[in-house]
Amino acid sequence: MTVTFNHTIIAAKDRHESARFFRELLELGEAPSWGPFVNILLDEGVLLQFAEPPVEIQMQHYAFLVDDELFDRAYGRIVERGVEHWADPRATRPGEINHEHGGRGVYFKDPAGHAIELITRPYL
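Heads up: the sequence shown at position 87 corresponds to 87 in full-length UniProt numbering, and the numbers run straight through without jumps.
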């Protein structure tokens, strides 16, 4: 059997708001949800499960590899909605994207404060 990534739980202040943010940004459909989770489904069957833990949320980093066309549309939504964004993970180049690794990338925060990265080419 090969090893593939199946799912992760992403801590959210409001699980519905966070799931909606990612669905709209990445143009994803709704997925069946259960219990404390609001789920979205990525390609290859990867499930993102948003939940509201009863603890202070610690920032995590999530990077999504997208094609050039989706990057253009998602970046347009980021700009249109006034989402603060940067070309680098240290947030020293505000309002920009990068052109590293033969593609493009951008960093921003989701509604729960997680560091999100969109890239058009994998690092390796």
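Where is the CB? At the ideal position from N, CA and C, for every residue including glycine.
These figures come from a predicted structure and were not determined experimentally.
Range of the contiguous beta strand (DSSP E) that encloses residue i
i   : result
A12 : Taken as a continuous stretch (DSSP letters only), A12 belongs to no beta strand (DSSP E), as it is neither H nor E.
Which residues DSSP lists as bridging residue i, in chain order
i    : result
E117 : A63 and Y107
L41  : L47
T8   : L48
W86  : P94 and Y107
E17  : Answer is none; E17 lacks a bridge partner.
E30  : I40
Beta-carbon spacing of residue i, residue j below 8 Å
i    : j    : result
D43  : T120 : no
D88  : N98  : yes
V66  : L28  : no
F64  : R15  : no
H85  : F71  : no
M59  : A115 : yes
T8   : L48  : yes
N6   : V46  : yes
H101 : Y123 : yes
Among the options, the one whose alpha carbon lies nearest that of residue i
i   : options                : result
H61 : G35, G82, A11 and R73  : A11
R73 : E24, E17 and N6        : E24
R90 : E52, V106, G35 and R81 : V106
I78 : I40, P54, I9 and F22   : F22
A17 : E30, N6 and F5         : Per the sequence shown, residue 17 should be read as Glu rather than Ala. Selected option, being the one with the closest Cα: E30.
V38 : P94, V46, L26 and E52  : E52
I57 : G113, P122 and L124    : G113
Cutoff 8 Å: residue i Cβ touching any chain B Cβ
i   : result
G45 : Going by chain labels, chain B is absent from the structure shown, which holds only one protein chain.
The alpha helix (DSSP H) enclosing residue i, as first and last residue numbers
i   : result
V79 : D68 to E80
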